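**Student:** Before anything else, here's the structure in question.
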Amino acid sequence: MKSLHHTIVHWVDQRIEDMLSAPRMWGGDEAVEMQLLLLFEMRALAMRPAQELDNPSRILDTYAAYLAKTYPTKPHRPLCQIVESDRLGLNLAAELRKFRDAFVPQMLEENPYQHHHIAIQLTFKPRVVPTASAVTGYYEEFRRAARAVARPRDKAIGRPTKGVEAATDFSLNDVRMTHPNGHAATALLLLGAGPGQQDLLAQEQVHDALANLITMGEWAGSGSNVSDLPVDDVEQRTRVAVQSLRILPQAGISQVAIGGKFIGRARPVEFHPEHEKRIMEVIGSVAASEPFDRQDETRGVDLDRGLVILGQKERLHCYVRAEDLGNMARAGVQAHVRGTLFRPLTGKQFVRAEKLDWIGVPDED
2 MKSLHHTIVH
12 WVDQRIEDML
22 SAPRMWGGDE
32 AVEMQLLLLF
42 EMRALAMRPA
52 QELDNPSRIL
62 DTYAAYLAKT
72 YPTKPHRPLC
82 QIVESDRLGL
92 NLAAELRKFR
102 DAFVPQMLEE
112 NPYQHHHIAI
122 QLTFKPRVVP
132 TASAVTGYYE
142 EFRRAARAVA
152 RPRDKAIGRP
162 TKGVEAATDF
172 SLNDVRMTHP
182 NGHAATALLL
192 LGAGPGQQDL
202 LAQEQVHDAL
212 ANLITMGEWA
222 GSGSNVSDLP
232 VDDVEQRTRV
242 AVQSLRILPQ
252 AGISQVAIGG
262 KFIGRARPVE
272 FHPEHEKRIM
282 EVIGSVAASE
292 PFDRQDETRG
302 VDLDRGLVIL
312 GQKERLHCYV
322 RAEDLGNMAR
332 AGVQAHVRGT
342 LFRPLTGKQF
352 VRAEKLDWIG
362 VPDED
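With the first letter of the sequence shown counted as 1, position 164 gets the number 165 in the numbering used here; the numbers rise by one all the way through.
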């Protein structure tokens with residue numbers, strides 16, 4: 002099954018060719034010209050919806066400019082009044098074919114990362130049927146990771162500021178699903194700025210947070226050394242690395258591409274599961290590590306930062322995978338955490354949890 006916009010483009014191209022081959026079957030010269038212009042508009046809308054919706058007269062303006070350049074002595078007249086009419090309409094068809102041949106190669110397919118606030122494309126593993134929970138779950142992790150990085154350093158606990166919450170409450174402009182035969186399915190999320198008046202400081206904080214997360218993903222795919230990572234604050238680098246692990250592909254997703262105008266990425270940055278090893282190198286470069294295996298009482302759960310605070314005395318921060326944490330936000334229950342304990346030279350020690358089991362907590366339907 003082709004994606005809808007490719008199906009429309011193929012249908013339009015075939016219909017245009019049919020009309021140009023036998024124009025009189027579609028009416029007189031004026032009717033043929035108007036129908037072809039509508040088909041060109043439909044083709045452009047299928048290929049570049051954001052641009053065409055933003056400027057609905059783009060194709061007519063382009064056509065008018067073409068006629069003015071081609072027939073400078075007969076400005077502001079439709080083609081049916083310029084060319085000599087004939088019984089079969091072939092003269093008109095020949096001139097319209099020239100426009101088609103000049104126009105179609107210049108109609109580039111829309112780059113969603115160039116025209117949207119934020120665009121996120123999820124590519125699923127082969128033969129995986131996309132689910133709503135996989136799409137919404139990834140978006141929620143993306144949003145929470147952005148909030149966690151944007152959180153001020155002096156606000157280690159509690160909810161983020163209202164401004165940051167609003168700045169990460171992106172509007173959902175469109176979701177485009179494709180599932181071509183023999184190829185992996187994709188889901189493209191096109192996000193806009195949140196509704197209402199925005200806090201400029203909060204917007205800047207979220208912009209910087211997303212830019213740092215994207216930079217971490219770009220570095221992870223580059224093969225460069227840790228020393229080449231352009232985040233020179235050790236504490237910030239560690240925080241970004243921990244949170245960037247949350248936006249790596251999971252739940253049947255093989256690849257994620259993120260870009261958009263808000264973060265200045267017309268060419269998206271790709272995130273792959275194998276980037277986890279690279280990002281762990283960043284964390285390990287600033288902290289000694291050792292295996293961790295402990296059962297203790299939870300003193301708090303922070304869904305935004307994806308962590309469980311373990312132990313009544315030590316209160317150790319354990320960063321947990323989304324599938325293990327879920328929406329569990331209870332304190333005062335027992336949890337068994339296994340993973341790696343990191344002891345940075347500055348700042349508090351923390352755990353990257355590989356496995357978390359809730360003890361004595363009933364499963365929820």
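Yeah, the Cβ is synthetic: ideal placement off N, Cα and C, and Gly gets one too. Quick caveat: nothing in here was measured; it's all calculated off a predicted structure.
Which residues in the same chain have their Cβ closer than 6 Å to the Cβ of I83, if we skip the five residues on either side of it in sequence?
**Tutor:** Answer for I83: Y72, K75, listed in chain order.
**Student:** Quick check on S245: buried or exposed, where buried means 16 or more other Cβ atoms within 10 Å of its Cβ?
**Tutor:** It is buried - the Cβ of S245 has at least 16 other Cβ atoms within 10 Å.
**Student:** Per DSSP, what kind of secondary structure is L37 in: helix, strand or coil?
**Tutor:** Correct three-state label for L37: helix.
**Student:** To the nearest angstrom, how far is it from the Cα of P292 to the Cα of A51?
**Tutor:** The straight-line gap from Cα to Cα measures roughly 50 Å.
**Student:** Check whether the Cβ of L342 lies closer than 7 Å to any Cβ atom in chain B.
**Tutor:** Protein chain content of the structure displayed is limited to a single chain, and chain B is not contained in it.
**Student:** What residues match up with Y320 in a beta bridge as DSSP calls it?
**Tutor:** Its beta-bridge partners are L308, R353.
**Student:** What would DSSP say about A336, mapped onto helix, strand or coil?
**Tutor:** Residue state, collapsed to three classes: strand.
**Student:** Quick check: G307 and V287, are their CB atoms within less than 7 Å of each other?
**Tutor:** Contact: no.
**Student:** Considering only their Cβ atoms, is the gap separating Q335 from G361 smaller than 7 Å?
**Tutor:** Yes, the Cβ-Cβ distance between G361 and Q335 is below 7 Å.
**Student:** Just list the residues that DSSP pairs Q313 with in beta bridges.
**Tutor:** In DSSP, Q313 forms no bridge with anything.
**Student:** Kindly identify the DSSP beta-bridge partner or partners of P345.
**Tutor:** Paired residues: A288.
**Student:** How far does the beta strand (DSSP E) with E271 in it reach, from first residue to last?
**Tutor:** Run containing E271: 266-272, per the beta strand (DSSP E) assignment.
**Student:** Which residues in the same chain as R177 place their Cβ atom closer than 6 Å to its Cβ, once the five residues preceding and following it in sequence are excluded?
**Tutor:** Cβ within range, chain order: L189.
**Student:** Provide the residue(s) that pair with S172 in DSSP beta bridges, ordered along the chain.
**Tutor:** Beta-bridge pairing links S172 to G193.
**Student:** Taking the C-alpha atoms as reference points, what is the distance between I310 and R152?
**Tutor:** Computed Cα separation, rounded: 17 Å.
**Student:** What is the C-beta distance between V352 and C319, in whole angstroms, given that I count them as a contact (C-beta under 8 Å)?
**Tutor:** Indeed, because the Cβ distance is near 4 Å, the residues count as touching under 8 Å.
**Student:** Which residues in the same chain have their Cβ closer than 7 Å to the Cβ of G164, if we skip the five residues on either side of it in sequence?
**Tutor:** Around G164: D200, L202, A203.
**Student:** Helix, strand or coil for T179 per DSSP?
**Tutor:** In this structure, T179 counts as strand in the three-state DSSP scheme.
**Student:** Nearest to A149 by CA position, among F263, Y114, G260, T162, is which residue?
**Tutor:** Ranking F263, Y114, G260, T162 by Cα distance to A149 puts T162 first.
**Student:** For H337 versus D303, is the C-beta distance shorter than 7 Å?
**Tutor:** No, the Cβ-Cβ distance between H337 and D303 is not below 7 Å.
**Student:** For G301, which residues does DSSP report across the bridge?
**Tutor:** DSSP lists I310 as partners of G301.
**Student:** Report the residue ranges of all alpha helix (DSSP H) runs contained in full by the segment 128-153; include only those spanning at least 4 residues, in chain order.
**Tutor:** Whole alpha helix (DSSP H) segments, 4+ residues: 133-151.
**Student:** Among R16, A289, R339, which residue has its Cα nearest to the Cα of R98?
**Tutor:** R98 has its Cα closest to that of R16, out of R16, A289, R339.
**Student:** Can you find the residues in the same chain that come closer than 6 Å, C-beta to C-beta, to D294, ignoring five residues on each side of it along the sequence?
**Tutor:** Excluding positions up to five away in sequence, the list reads R339.
**Student:** Where does L123 fall in DSSP's three states?
**Tutor:** Three-state result, L123: strand.
**Student:** Using 10 angstroms around the beta-carbon of V241, count the other beta-carbons present and answer buried if the total reaches 16, otherwise exposed.
**Tutor:** By the 10 Å Cβ count, V241 comes out buried.
**Student:** Between V207 and T239, which are expected to be in contact by the criterion C-beta below 8 Å, what is the C-beta distance as a whole number of angstroms?
**Tutor:** About 20 Å separates the two Cβ atoms, so there is no contact after all.
**Student:** Just checking my contact of L37 with M20 at CB under 8 Å: how many whole Å lie between their CB atoms?
**Tutor:** Sure, about 6 Å apart at Cβ, within 8 Å.
**Student:** How long is the line joining the alpha carbons of R59 and W12, rounded to whole angstroms?
**Tutor:** Cα-Cα distance, rounded: 21 Å.
**Student:** What does the alpha-carbon distance come out to for the pair R247 and F263?
**Tutor:** Roughly 20 Å between the two C-alpha positions.
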